[in-house]
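In the numbering used here, the protein residues as written are 3 to 599. A virtual CB, placed ideally from N, CA and C, is assigned to each residue, including glycine. What follows is a set of notes on a single structure, which appears directly below.
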Amino acid sequence: MSKKPKLPYSAPENNTTDKKSIPYPKRTTGPKPPGSLKSTRPPRPSEKPFAAAPKLKKAPEQAPEPVVAMTTFAELNLSEPVARAIADLGFEAPTPIQARSIPLLLAGRDLIGQAQTGTGKTAAFGLPMVQSGDPKSNFTQALVLEPTRELAIQVAGGILALAKHTGLHVVPVYGGQPLDRQFRALKGGAQIVVGTPGRVLDHLRRGTLSLENVKLCVLDEADEMLALGFLEDMESILAELPEPRQLAFFSATMPPRIASLAQRFLKDPAHVSIDVGKRTVETTNQTYYEVAPGRKLEALGRVLDMETPGPTIVFCRTRQETNDLADALRLRGYSAEALHGDLAQADRDRVMRRFREGLADLLIATDVAARGLDIETVTHVINYDIPWDVEQYIHRIGRTGRAGRTGDAITLVEGRERRQLRAIEQMIGRPIKPARIPTAADIAARRQDRFQDSLRDTLAAREFDSYLASVEALSAEYDPSEIAAAALQMLWSSQHTGPAEAAEELNADSEQPEVGMTRLFIGMGRQDGLRPGDLVGAISNEAGLPGKAIGAIDILDKTAFVEVPAPDANRIVAALRQATLRGRKVKVESARPPGRG
């Protein structure tokens, strides 16, 4: 057996380690246990920054046994405890990544799996890991590397659910947790270890974890670990694995450095790729709103009011921007929390707990801070800032549309960012749908629709029988429709700060028009019988503007607004002032620009 290379010493993960210095455990004299590191001194300047991978002997060329993707878990001839755990979890049919990866891993093949988070990767490698584990041996037999503390905990929990009837012990190791607690868990026997690279290296250097008996090692979210700067740590850990062993890399994208790492360490790997572009289109509705410079916050508020989303992640580029945006949204009445790399671990835990428990609806996050988050209930992802590259976009929108659900991905785009948007569309192979920023009238109509839906639910539940006597008594004096309308007005007033029409009229004349358009005020509304066709006909006939050139039309109770091309605005105003609408002259003028009285 060839001599193992030394691991360089480096500080544990700087964002997750304990602040207090924890003494190394006392070691007995005599030879070091198998797989322990030879030295913990810092490398000399002349030495390489990390250990080189041992050269692998090329296996004799032979045709590999064909492996067919499964369609049901029953086809795998799993042990009874594992099959029982699958039944307990309610798994009926494997996801595509599971169907293609599990048979290959059970057959002993090295594997490169390219699929996003939320596709069922944990079971894809966790099930073979549990099936082949030996609960009678206390040695560590399988290792999973994860980019973040949250993901390590989550994946360990997923594997534990698969192993609950087998007697296998699953231990997560990560920064931010007391080391002595992890020492005890590892010493008590940990057949499967799930950890972050920095903390795994820390245990290797301390001699509290040995990889000598590891049969299967998985790098999950390999591209995320690369983005977080764990390349050297991954190389050092892989160099410590024994021969023979089985390796699997799972990654949403395949950057060149991850491909190079796979080439160095994997032996004749099978490749499984789930079409990223297809998945993002099928399970995620992708939309973009074009926003004028400096109007993103207002646009975001309008979109949130219109969409009324469930748990939502809003992505920003910088830590400062996450704080500023979260503060601004809280001032506007939204329940928002900021998540970024400057948060202490206790603050991060508090933010995530509030978001998971529904105490905060909006999580304002940077890309790095959100890496590894896997919350199935997220309904919307909003790109407050368009991502720098397409891979980042794929990672972001992969946070929604999980576990068979559909999700919505919304991107706010300024005019100069259209080129980036086109590049993203090329990558996913489909256009991203444009949408118009909702107006106050749109939002008011949406609120009334939701109000009516809640009434339908109440009618269907028939929880109003005790009020029927009051309705019958009033029916002697009033028409039943008037009684119903009065009751609705009282209910609306109790739920809103003003009457229904106030939401429409408030600031309606300072709406932000689309780029290149001017918003016109019309002194006539719904109560006057005005319809969209009346405005289109008048503008076309009196000003000669084609109907397709006319923009958004908002008809409110007493007023209306229409968007027209900016170069034609003055001419259209002059023409409409000379014309009549519904048989009478009306006031027509440009709407007030935002921010002016």
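Completely contained alpha helix (DSSP H) runs for the stretch 154-218, where each covers 4 or more residues
181-189, 199-208
Hey, which unbroken runs of the beta strand (DSSP E) at 3 residues or more fall wholly within the stretch 548-599?
555-557, 562-567, 590-592
Which of the three DSSP states is assigned to Q100 in this structure?
In the sequence shown, residue 100 corresponds to position 98, counting from 1. If DSSP states are grouped into helix, strand and coil, Q100 belongs with the helices.
Exposed or buried, H273, counting other C-beta atoms within 10 Å across all chains shown (16 or more means buried)?
Your numbering for residue 273 matches position 271 in the sequence shown. With fewer than 16 Cβ atoms within 10 Å of its Cβ, H273 is classed as exposed.
For P482, I'd like the list of residues in its chain whose CB is within less than 8 Å of its CB, leaving aside the five on either flank, ordered along the chain.
Along the sequence shown, one-based indexing puts residue 482 at 480. Within the same chain, P482 has close Cβ partners V473.
For the pair the stretch 172-184 and the stretch 201-218, tell me if three or more CB-CB distances fall below 8 Å.
yes
Should E484 be labelled buried (16 or more other beta-carbon atoms within 10 Å of its own) or exposed?
As a working mapping, residue 484 is identified with position 482 in the sequence shown. So E484 counts as exposed.
Out of L108, E82, Q116, point me to the one whose CA is closest to T255's CA.
Indexing the sequence shown from 1 puts residue 255 at position 253. Nearest option by C-alpha distance: Q116.
Using C-beta distances below 7 Å, list every residue in its chain close to A540, excluding the 5 sequence neighbours before and after it, in chain order.
Working through the sequence shown from its first residue, we reach residue 540 at position 538. If we look at A540 and ignore the five residues flanking it on each side, its Cβ neighbours are L578, A581, L583.
Over what stretch of residues does the alpha helix (DSSP H) that includes T413 continue unbroken?
Position 411 of the sequence shown, counted from the first residue, corresponds to residue 413. Careful: T413 lies outside any alpha helix (DSSP H), inside the beta strand (DSSP E) at 409-416.
Classify G279: buried if its beta carbon has 16 or more other beta carbons within 10 angstroms, exposed otherwise.
In the sequence shown, the residue the question calls residue 279 occupies position 277. With a pLDDT of only 47 at G279, under 50, the local geometry of the prediction cannot be trusted, and the value read off the model is given with reservation. So G279 counts as exposed.
Do the stretch 337-352 and the stretch 461-473 touch if we need at least three Cβ pairs shorter than 8 Å?
no
Exposed or buried, what is K589 when buried is set at 16 or more other beta-carbons lying within 10 Å of its beta-carbon?
What you label residue 589 is simply residue 587 of the sequence shown in a count that begins at 1. Exposed, because fewer than 16 other Cβ atoms sit within 10 Å of the Cβ of K589.
Ignore the nearest five residues each way along the sequence and tell me which others in S157's own chain have a CB closer than 7 Å to its CB.
Your numbering for residue 157 matches position 155 in the sequence shown. The amino acid occupying residue 157 in the given sequence is Val; Ser does not appear at that position. Excluding positions up to five away in sequence, the list reads T124, V146, E148, V196, D222.
Is the stretch 241-258 in contact with the stretch 224-233, if contact means three or more CB pairs nearer than 8 Å?
yes
Taking three-plus beta-carbon pairs below 8 Å as touching, is the stretch 381-389 in contact with the stretch 311-321?
yes
Does Y480 pass the burial test, meaning 16 or more other C-beta atoms within 10 Å, or should it be called exposed?
What you label residue 480 is simply residue 478 of the sequence shown in a count that begins at 1. Its Cβ having fewer than 16 others within 10 Å, Y480 is exposed.
Count the C-beta pairs between the stretch 556-563 and the stretch 520-537 that are closer than 8 Å, then say yes if the count reaches three, no if not.
yes
Measuring straight from C-alpha to C-alpha, what distance separates L240 and S139?
Translated into the one-based positions of the sequence shown, residue 240 becomes position 238. Translated into the one-based positions of the sequence shown, residue 139 becomes position 137. C-alpha separation (whole angstroms): 22 Å.
According to DSSP, is S134 helix, strand or coil?
If you number the sequence shown from 1, residue 134 lands on position 132. S134: coil per DSSP, three-state reduction.
Cβ-based burial, K189 [other Cβ within 10 Å; buried from 16]
On the sequence shown, position 187 is the one that residue 189 refers to. Counting Cβ neighbours within 10 Å, K189 comes out exposed, since fewer than 16 surround it.
Buried/exposed call for N572, threshold 16 Cβ in 10 Å:
Residue numbering aside, residue 572 sits at position 570 when the sequence shown is read from its first letter. Per the 10 Å Cβ criterion, exposed.
Are the Cβ atoms of I366 and A328 separated by less than 8 Å?
If you number the sequence shown from 1, residue 366 lands on position 364. If you number the sequence shown from 1, residue 328 lands on position 326. It is a contact, given that the beta carbons lie within the stated cut-off.
Under 7 Å Cβ to Cβ from L299, same chain only, skipping five residues before and after it: list those, please.
For this step, residue 299 is matched to residue 297 along the sequence shown. Within the same chain, L299 has close Cβ partners A330.
Taking all protein chains shown into account, decide if G518 is buried (16 or more other Cβ within 10 angstroms of its Cβ) or exposed.
If you number the sequence shown from 1, residue 518 lands on position 516. The residue in question, G518, is exposed, as its Cβ has fewer than 16 Cβ neighbours within 10 Å.
If N385 and R401 are in contact, beta carbons under 8 Å, what's the gap, nearest whole angstrom?
Here residue 385 is taken as the residue at index 383 of the sequence shown, counted from 1. Here residue 401 is taken as the residue at index 399 of the sequence shown, counted from 1. The Cβ separation is near 11 Å, so there is no contact.
Can you tell me the Cα-Cα spacing of G122 and R319, whole angstroms?
Mapped onto the sequence shown, residue 122 falls at position 120. Mapped onto the sequence shown, residue 319 falls at position 317. About 28 Å.
Please report the residue range of the beta strand (DSSP E) in which E339 lies.
Here residue 339 refers to the residue found at position 337 of the sequence shown. Run containing E339: 338-341, per the beta strand (DSSP E) assignment.
Determine the extent of the alpha helix (DSSP H) in which E309 is found, giving its start and end residues.
Taking the sequence shown and counting its residues from 1, the one referred to as residue 309 is at position 307. Taken as a continuous stretch (DSSP letters only), the alpha helix (DSSP H) holding E309 covers 298-309.
How many Å lie between N79 and P105 at the Cα?
Against the sequence shown, residue 79 aligns to sequence position 77. Against the sequence shown, residue 105 aligns to sequence position 103. Those two C-alpha atoms are separated by around 11 Å.
Proximity of V305 and P515 at Cβ, strictly below 8 Å
Start at 1 with the first residue of the sequence shown, and residue 305 comes out as number 303. Start at 1 with the first residue of the sequence shown, and residue 515 comes out as number 513. In this structure, P515 does not lie closer than 8 Å to V305 by Cβ.
Check whether the Cβ atoms of L243 and L263 sit closer than 8 Å, and answer yes or no.
Position 241 of the sequence shown, counted from the start, is the residue given in the question as residue 243. Position 261 of the sequence shown, counted from the start, is the residue given in the question as residue 263. It is not a contact, given that the beta carbons lie outside the stated cut-off.
At what residues does the alpha helix (DSSP H) containing I430 begin and finish?
Position 428 of the sequence shown holds residue 430. First-last of the alpha helix (DSSP H) with I430: 420-430.
What does the Cβ neighbour count give for R334, buried or exposed, with the cut at 16 atoms within 10 Å?
As a first step, residue 334 is located in the sequence shown; it is residue number 332 there, counting from the start. Counting Cβ neighbours within 10 Å, R334 comes out exposed, since fewer than 16 surround it.
My output table needs one value for S275: the three-state DSSP class, helix, strand or coil.
The residue labelled residue 275 in the question sits at position 273 within the sequence shown. Looking at S275 - three-state DSSP - the assignment turns out to be strand.
Range of the contiguous beta strand (DSSP E) that encloses P460
One-based indexing of the sequence shown puts residue 460 at position 458. Correcting the residue identity first, residue 460 is Thr in this sequence and not Pro. That residue, T460, is in no beta strand (DSSP E); its alpha helix (DSSP H) goes 442-463.
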